[in-house]
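Worksheet for the structure shown next.
In the working numbering, the protein residues as written are 375 to 973.
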C-alpha cells in the first residue's frame, strides 16, 4: 500500500477508474451510451448510484470516527471528479447526499452521525432542504416553520428546487423556530420521511431541467409533520450558522463538477483535433486551433489550482474558508463556461450532436457545467460574500507585517503542497468571516521569491519561462494595492451605497484574479517536486497567468508561439497517456479501441 498522501490518493483513484472502466465501452459500469440514454429520457441513474455506493465512493466523504472512511476531504473531492467525468448527474446525486451530511458533521451528535452514516452505507440518500420557492438564497426570509410541541416539533412549509428531495429517505431541513426575525430564528432538523404520518408529507413534482436532466430536483411540502426532539441538529437557533458553514464546504467541493465537465470536453475535442486532417495537417496543428486548445487547458489548470487550495483549506485553514470557497465557487464555473465556448469553436458541429457514439457526451457536459454556477450560492451570492470582507482582505494584503506573512507562508506550504499531510477536519474552527486572512495572497511574496529561486536553478529555456511567469504574477498580485485604493475612493464617493454597489462586485471579481494568480504560483512552488512528468512546466504556469491577466487586458499577450508549442506538448502527453487534465494527473481507465467511424 502506498504511504505518502499523494501516492495513496493516486492509488485509490486508479482503483476506482479500473472498477468503472472506459466510459466509451458500452459494457463498462457507467458507459456514455447509458449516461446519454438516462439524460435523454430523464431517468434517475439508480443503477449508477448503487454501484458507486457498493464500491464505497461516498464513504470517503464521511468521518472515519463514526464509520466512514474520510481522512481528507480532498479524497472525496477527487474521487467525485472521476465519477463526474462520466456523468455529472450521478456525481451530483452523490455529492448532494454527502453535502447534506455536512450539517450533521458540523453540529450533530455522535449518535446522529453514526445513525446517518450507517443509513448511507446501506444505500440511503439524503437531501438538503434549504431553499424555498419565494426566497431562493435569502435564508433569513425562509418561511418553513417548526413549532415546539410535547416531545418534539411540528414542521409546516415547503422546500423547493431540492436535489434528491424525492429519492432520498431523509431530508435535512432549515426551518424557523424563533418568532423574532434574525440570524437566531432558525434551526436544523433531520426529517425521516418514512416516520411521518402520510397526510403530513407530500413530495413535489420533479422539475424538467436544461442540464442534469436525469437528476431528481424537486421539493417537499410538510403540513404539521412531527419530528422528535432527537431530530434537532445542534442547538435551537443555530440553524443559520450551521447552514452557512455547510455551504462553505459545498462551494469548495462543487467546483469538481465544472472541472470534470471541461476535462471530458477537452478530451473529446482532442480526440477530434488529433485525428482530423485539415489543409494537410491535423486540426491541432492549425495555429489558431492549437492556441484555443492550450488556452482551454490553461484555464482548467487555473481552476484546478484554485480548487486545490480551497478544498485543502477545509482542513488546513477552516477559519478562512468563507473566502477560499467563494473565490473557487465564483471563479471556476465562470472561467470554465468561457473555456467551453472556446472548445465549441474548435470541435465544431460535433458539439450539437446528441446521439453521436463518441462525441454525444460533449453537449451533455456543456449543459451540465452550468449548474456549478448556481448550486449552493450563485455568482451574486459569492461576490457579495467577498465584497463584505474585501476591506479586511485588502487591508491585510497591503499592510501585513513579516510575522503575519511568515505564518501565512507556513500554512500555504500545506494548503498547496499536494504531498503534505492535512490536519483532521475540525468544524469548530470554521468561521463565518475570515477576519481579513487569505493565506494565498498574504504568502504570495514568499511564493514569488521561491519561484525566482527555482528559475535560477533551471535550464535556460525553463529559466526564461519561470522568470517571465514571476514578472506577470508580480504584476497581478500587485493589483491588491490598486484595489485597496479604488475601494477607498469608492467608499468616499458612494457612502452607504458602497456596500450594495455594482462597483463593489467588480472589485470582488478582480480580487478573485489576485487570489487565483497566487494559487497558481503556490501550486507550482509547493508541489513542483512531487508532480509527475511532464509537469511542472514553466510554460504552463506562464500561460495560466496570461489567461488571468487577459481578463484585465483581453487583447494583450505575454506568451509566444514557442510557449504555446511547449504547452501543447504537455497537453498531448497527458492525452496520449490517458491521464486526468490536472496537477494530480490520475491514470484513467484504459481506453478501448475506437473505430474510425465513431471519430
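All residues carry an ideal CB built from backbone N, CA and C; glycine is no exception.
Beta-carbon to beta-carbon, residue 847 and residue 864 are separated by about 26 angstroms, too far to satisfy the 8 angstroms threshold.
Close CB contacts of residue 829 within its chain, under the 6 angstroms cut and outside five residues either way in sequence, are with 837, 840 and 841 (chain order).
Under the three-state reduction of DSSP output, residue 380 falls in the helix class. DSSP places residue 519 in the strand class (E or B) of the three-state scheme. By the neighbour-count criterion, in which a residue is buried when 16 or more other Cβ atoms sit within 10 angstroms of its Cβ, residue 885 is buried. Judged by beta-carbon spacing, residue 542 lies within the 8 angstroms limit of residue 500, meaning their Cβ atoms are closer than that value. Residue environment for residue 604: exposed (fewer than 16 other C-beta atoms within 10 angstroms of its C-beta).
Residue 946 has its alpha-carbon roughly 24 angstroms from the corresponding atom of residue 707. Contiguous beta strand (DSSP E) elements confined to the segment 459-528 occur at 500-503 and 519-523, taking only those with 3 or more residues. By the CB criterion at 8 angstroms, residue 601 and residue 529 fall inside the cutoff. Between residue 811 and residue 696, the alpha-carbon positions lie close to 10 angstroms from each other. Residue 957 holds the alpha-carbon nearest to the alpha-carbon of residue 907 among 931, 957, 393 and 896. About 6 angstroms separates the beta carbon of residue 390 from that of residue 456, a gap short enough to meet the 8 angstroms contact definition. Residue 396 is a Cβ neighbour of residue 964, given a cutoff of 8 angstroms.
By the Cβ neighbour-count rule, residue 544 is buried, with 16 or more other Cβ atoms within 10 Å of its own. Here residue 404 carries a coil assignment [DSSP, helix/strand/coil]. If only complete runs of 4 or more residues are kept, the segment 580-651 shows the alpha helix (DSSP H) at 613-647, in order along the chain. Per the C-alpha coordinates, the member of 615, 694, 472 and 417 positioned closest to residue 514 is 615. With fewer than three CB-CB distances shorter than 8 angstroms, the segment 574-589 does not count as touching the segment 759-773. Restricting attention to 804, 911 and 467, the CA atom closest to the CA of residue 675 is found in 911. Minimum Cα-Cα distance from residue 547 among the listed residues 511, 594 and 557 corresponds to 594. Taking the CA atoms as reference points, residue 642 sits about 7 angstroms from residue 736. Remark: fewer than three beta-carbon pairs, one from each stretch, lie closer than 8 angstroms, so the segment 919-927 and the segment 647-662 are not flagged as touching.
A Cβ-Cβ separation of about 6 angstroms places residue 627 in contact with residue 451 under the 8 angstroms criterion. Cβ contact annotation for residue 806 (same chain, cutoff 8 angstroms, sequence separation greater than five): 615, 618, 619 and 696, in chain order. Secondary-structure assignment with DSSP links residue 566 through a beta bridge to 544. Separation of residue 560 and residue 553 (C-alpha to C-alpha, rounded to the nearest whole angstrom) is 10 angstroms. With respect to the C-alpha of residue 896, the residue from 437, 929 and 851 having the closest C-alpha is 851. The criterion of a C-beta distance shorter than 8 angstroms is not satisfied by residue 555 and residue 471.
The beta-carbon distance between residue 440 and residue 491, rounded to whole angstroms, is 5 angstroms. This is short enough to meet the 8 angstroms contact definition. The continuous alpha helix (DSSP H) containing residue 668 extends over residues 661-690. For the pair residue 799 and residue 446, the Cα-to-Cα distance works out to about 8 angstroms. At the C-beta level, residue 589 and residue 463 come within 8 angstroms of one another.
Taking residue 379 as reference, the option from 484, 905 and 832 with the minimal CA-CA separation is 905.
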